[in-house]
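The structure appears right after this line, and notes come after that.
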Amino acid sequence: MRARPGDTCYLYSGVPPSQVTVAKESLGFSAAHFLTLPGHVCERLHGHNYRVAVSVEGPVDSTTGFVVDFAVLKQIVRTVIAPLDHRVLVPAKNPLLRLSDVDGQTVVDYTRPGWLVLPREHACQVPVTQTTAEVLATWMAWQVWDALRTQGSRGLTRLVLELEESAGQSAKAEINQSDPRD
Ligand SMILES: [Zn+2]
Numbered sequence: 194m195r196a197r198p199g200d201t202c203y204l205y206s207g208v209p210p211s212q213v214t215v216a217k218e219s220l221g222f223s224a225a226h227f228l229t230l231p232g233h234v235c236e237r238l239h240g241h242n243y244r245v246a247v248s249v250e251g252p253v254d255s256t257t258g259f260v261v262d263f264a265v266l267k268q269i270v271r272t273v274i275a276p277l278d279h280r281v282l283v284p285a286k287n288p289l290l291r292l293s294d295v296d297g298q299t300v301v302d303y304t305r306p307g308w309l310v311l312p313r314e315h316a317c318q319v320p321v322t323q324t325t326a327e328v329l330a331t332w333m334a335w336q337v338w339d340a341l342r343t344q345g346s347r348g349l350t351r352l353v354l355e356l357e358e359s360a361g362q363s364a365k366a367e368i369n370q371s372d373p374r375d
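Spelled out as structure tokens, the structure:
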């Protein structure tokens with residue numbers, strides 16, 4: 194029987210689990226960062242044009258036919274990356290740094306006091322130990338995973354987030370349903 198608007202219908206029951214991916218030009222951000230690796234070229238402040246791609250696996254909803262709505266997934270990624278865009282990423286959990294806020298400025302003590310001083314609004318303190326692509330990707334993956342669950346997605350089995358920091362250079366982080374939240 195043909196379904197009519199307003200009917201409660203389950204057109205997609207029995208569809209096998211599937212995977213959806215968003216990897217669009219618009220899911221990018223520009224940011225500066227540094228690594229606390231003495232002598233490494235990346236110890237110096239420098240920047241990247243990052244791009245994010247996310248794949249999510251799970252059951253196909255029997256009424257919508259979605260694993261997750263693309264629009265919802267894109268909006269979640271945009272919400273995660275917005276605070277990072279055009280900012281200096283400061284790894285707030287890095288044990289080698291001491292961060293303070295002085296007169297509206299974020300002061301980063303590292304090899305010497307005041308190693309880096311920024312207007313507060315130019316800094317984004319990310320709760321990670323290091324801002325490598327690998328570590329950032331893991332943090333972002335959990336942000337996206339938690340946001341999907343908060344907005345009601347249930348039964349998702351796997352999420353893979355790829356963070357590209359320059360063309361052809363990226364890190365992937367994977368979360369499986371059974372992974373413990375650290
Ligand atoms: Zn870098």
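In our numbering, the protein residues as written are 194 to 375.
Here a beta-carbon is modelled for each residue, glycine too, at the ideal position from N, C-alpha and C.
What you are looking at is a predicted structure, and each value in this text was computed from that prediction instead of being measured.
For residue i, count the other beta carbons within 10 Å of its own beta carbon; 16 or more makes it buried, fewer makes it exposed. Which is it?
i      : result
THR324 : buried
LEU238 : exposed
MET194 : Because MET194 sits at a pLDDT of 49, beneath the cut-off of 50, its placement in the model cannot be relied upon, and the point is left open.
SER255 : exposed
LEU352 : buried
Do residue j and residue i count as a contact pair if the criterion is CB distance below 8 Å?
i      : j      : result
LEU354 : SER363 : no
LEU289 : VAL301 : no
LEU282 : CYS317 : yes
ARG280 : ALA224 : yes
GLY258 : TYR203 : no
GLN344 : VAL265 : yes
Could you name the residues of the same chain whose beta carbon sits closer than 7 Å to that of residue i, not counting the 5 residues immediately before and after it, in chain order?
i      : result
PHE263 : VAL213 and VAL215
Shortest alpha-carbon distance to residue i belongs to which of the options?
i      : options                           : result
GLN336 : PRO306, ARG374, LEU311 and TRP308 : ARG374
ASN242 : GLY307, GLU218, SER359 and THR229 : SER359
ALA246 : TRP308, SER211 and ILE274         : ILE274
LEU228 : GLU218, ASP372, VAL295 and LEU309 : LEU309
Go through its chain and collect everything with a Cβ distance to residue i's Cβ below 6 Å, but skip five positions before and after it.
i      : result
THR350 : GLU250, GLY251 and GLN370
ALA366 : ALA330, THR331, ALA334 and LEU354
Got a sec? Which residues, its chain only, sit under 8 Å from residue i by beta carbon, not counting five neighbours each side?
i      : result
VAL319 : LEU277, LEU282, VAL283, PRO284, ALA285, LEU329 and TRP332
On the DSSP bridge assignment, give the partners of residue i in chain order.
i      : result
ILE368 : LEU352
THR299 : ASP294 and LEU311
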